[in-house]
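The sequence shown begins at 750 in our numbering and counts up by one. To keep things clear, I will list the structure first and then write my remarks on it.
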Amino acid sequence: MSDRVPYLTSRLQGFGTTIFAEMSALAQRTGSVNLGQGFPDTDGPGVIAEAAIAAIRAGHNQYPPGIGIPELRHAIADHQRHWYGLDFDPDTEVLVTAGATEAIAASLLALCEEGDEVVTFEPYYDSYAACTAMAGAQRKVVTLHPPDYHFDPAALRAVLTPRARLLLLNSPHNPTGKVFSRSELTTIAEICCEHDLVAVTDEVYEHLVFDGEHLPLATFPGMRDRTVTISSAGKTFSFTGWKIGWVCASPPLLNAVRTVKQFLTYVNGAPFQYAIATALALPDAMIVALGTDLARRRDQLCDGLAAAGFTVFRPAGTYFVTTDIRSLGEDDGMAFCRALPDRCGVVAVPNVVFYDDEEAGRSLVRFTFCKRPEVLDEAIRRLASL
Ligand code: PMP
Ligand code: GLN
750 MSDRVPYLTS
760 RLQGFGTTIF
770 AEMSALAQRT
780 GSVNLGQGFP
790 DTDGPGVIAE
800 AAIAAIRAGH
810 NQYPPGIGIP
820 ELRHAIADHQ
830 RHWYGLDFDP
840 DTEVLVTAGA
850 TEAIAASLLA
860 LCEEGDEVVT
870 FEPYYDSYAA
880 CTAMAGAQRK
890 VVTLHPPDYH
900 FDPAALRAVL
910 TPRARLLLLN
920 SPHNPTGKVF
930 SRSELTTIAE
940 ICCEHDLVAV
950 TDEVYEHLVF
960 DGEHLPLATF
970 PGMRDRTVTI
980 SSAGKTFSFT
990 GWKIGWVCAS
1000 PPLLNAVRTV
1010 KQFLTYVNGA
1020 PFQYAIATAL
1030 ALPDAMIVAL
1040 GTDLARRRDQ
1050 LCDGLAAAGF
1060 TVFRPAGTYF
1070 VTTDIRSLGE
1080 DDGMAFCRAL
1090 PDRCGVVAVP
1100 NVVFYDDEEA
1110 GRSLVRFTFC
1120 KRPEVLDEAI
1130 RRLASL
């Protein structure tokens, strides 16, 4: 826990500034290569940008409908059917949100009573802990173990109490790059059904999978109507600043999430909603190509990090790779990341901030490879001097 922040509610003391903001500021201040915060350094396809410009010119600049424009809701429903065989009614089972971030916040605020327990895997994306706290709920974590980031099903069962309400799953997983397997998802689905848990799934990296395949939890037996499926366009199409996300869920769950969402942002990004409707209807080959291109950069960075002496856990998806720095004779990832800009002009993120069990994450450091190949090469050259 950091120092007490004046005025800030006790529920959120200790959350401070996100590690991504801290590390991006450090990169700017020191002129380092920023492999910390995950945002691409090139724009997504021009056809999508042109669709946004056309929507602005066509006058789509006022509040869109609270649940999102029909064109986008239909495109999202079509996307779920086309890629996963999941049928959602675009009018009652699809909600457009301000990125996945708002969808996660609205889901936790909508679905948790004070004191309910939210089960998730660690390392976990930082907003999960903050939103669980905002909801007045308690976080229960199950640790993923490198090198393959497996979990022990007995450990998952062991954290469940009668107050467990919700299981929050992120696959493909940030920061590890793990893609949960069919057998792991089967176990998770069985446990959700046995314990009558609602699942909230964060699938923002669904199209950034290099090995294996992305399987939405909602496709598993018993899960269709107890899962709140969340995704967003930022990662898939390399427009992270547009903040167009969505929720698919059965009508009662969707209605609960929508009730909260309308008082968070109400709506956002009218012209970008049109552009993402266009994006989701692009040919499969274009969407697949975005991932294939990234796979080459994964290999480039993983090989460079291994050559520089890091222990590399090669990711199956996302645009992050986790490394262990003990092979460099270091063991404190936070100190390492704070010193790295001065030592060699590179910024990374210490995974310890994604753990409750700080020992488990202490020596782990995350790098992103969603940067141009020449930028990755420069970072690799700098890291080789360590
Ligand atoms: N979940 C995970 C796991 C993420 O990595 C991110 C990206 N920052 C988000 C949610 C947030 O997505 P968005 O930018 O669409 O709000
Ligand atoms: N999801 C991005 C990451 O993990 C950062 C998003 C943010 O800054 N909140 O790096």
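By construction, the Cβ of each residue, glycine as well, lies at the ideal position given by its N, Cα and C atoms.
Check	Outcome
Residue(s) in a DSSP beta bridge with W995	V845, S980
Cutoff 8 Å; reference F1103; Cβ partners in own chain excluding five residues on either side	E871, P872, Y873, Y874, D875, P924, G1110
Completely contained beta strand (DSSP E) runs for the stretch 942-981, where each covers 3 or more residues	947-951, 976-981
For A913: DSSP bridge partner residues	E866
C-beta contact flag for G864 and V845 at 7 Å	no
Proximity of A824 and A1034 at Cβ, strictly below 7 Å	no
Three-state secondary structure (DSSP) of V1098	strand
Top-ranked residue by Cα proximity to L905, from I940, E771, P1099	I940
Where L918 sits in the DSSP three-state scheme	strand
The beta strand (DSSP E) enclosing Q887, as first and last residue numbers	887-892
Three-way DSSP call (helix, strand, coil) for T1072 in this model	strand
Within 7 Å, strictly: CB atoms of V1095 and V782	yes
Unbroken stretches of the beta strand (DSSP E), 3 residues or longer, contained in the stretch 795-858	843-847
Reference A903; option with closest CA among L893, D897, E820	L893
Cβ-Cβ separation, L915 to L860 (assumed contact under 8 Å), whole Å	6 Å
Where G1143 sits in the DSSP three-state scheme	Here the chain covers residues 750 to 1135 and nothing more, so residue 1143 does not appear.
Exposure of A1133, with buried meaning 16 or more beta-carbon neighbours within 10 Å	exposed
Residues passing the C-beta test against the ligand GLN heavy atoms, cut-off 6 Å	T767, F769, Q786, G787, N923
Nearest to V1016 (by Cα), restricted to the options M772, I797, E799, Q811	Q811
Delimiting residues of the beta strand (DSSP E) encompassing V1061	1060-1062
Alpha-carbon spacing of M750 relative to Q762, whole angstroms	Summary for M750: the model assigns pLDDT 46, below 50, so the residue's position carries little reliability, and this model does not support an answer.
Euclidean distance between Cα positions of L841 and N1004	One point to set straight first is that residue 841 is Thr, not Leu, in the sequence displayed. Distance between the alpha carbons of T841 and N1004 is about 8 Å.
First through last residue of the alpha helix (DSSP H) which encompasses Y877	875-883
Any non-hydrogen atom of the ligand PMP closer than 6 Å to D951 Cβ	yes
Nearest to D838 (by Cα), restricted to the options A998, T910, T968, V1009	A998
Coarse secondary structure for E1079, derived from DSSP in three states	coil
For G994 and E851, believed in contact at Cβ under 8 Å, the rounded distance	7 Å
R931 (DSSP reduced to helix, strand or coil)	helix
G1040, enclosing alpha helix (DSSP H) - first and last residue	1033-1056
Helix, strand or coil at T1117 according to DSSP, with G and I counted as helix	strand
S981 Cβ short of 6 Å to the ligand ADP heavy atom set	Annotation note on the ligand ADP: not contained in the displayed structure, which lists the ligand PMP and the ligand GLN as its ligands.
Beta-carbon proximity check, A1097 vs V1114, cutoff 7 Å	yes
Contact the stretch 952-972 vs the stretch 1039-1046: 3+ CB pairs below 8 Å	yes
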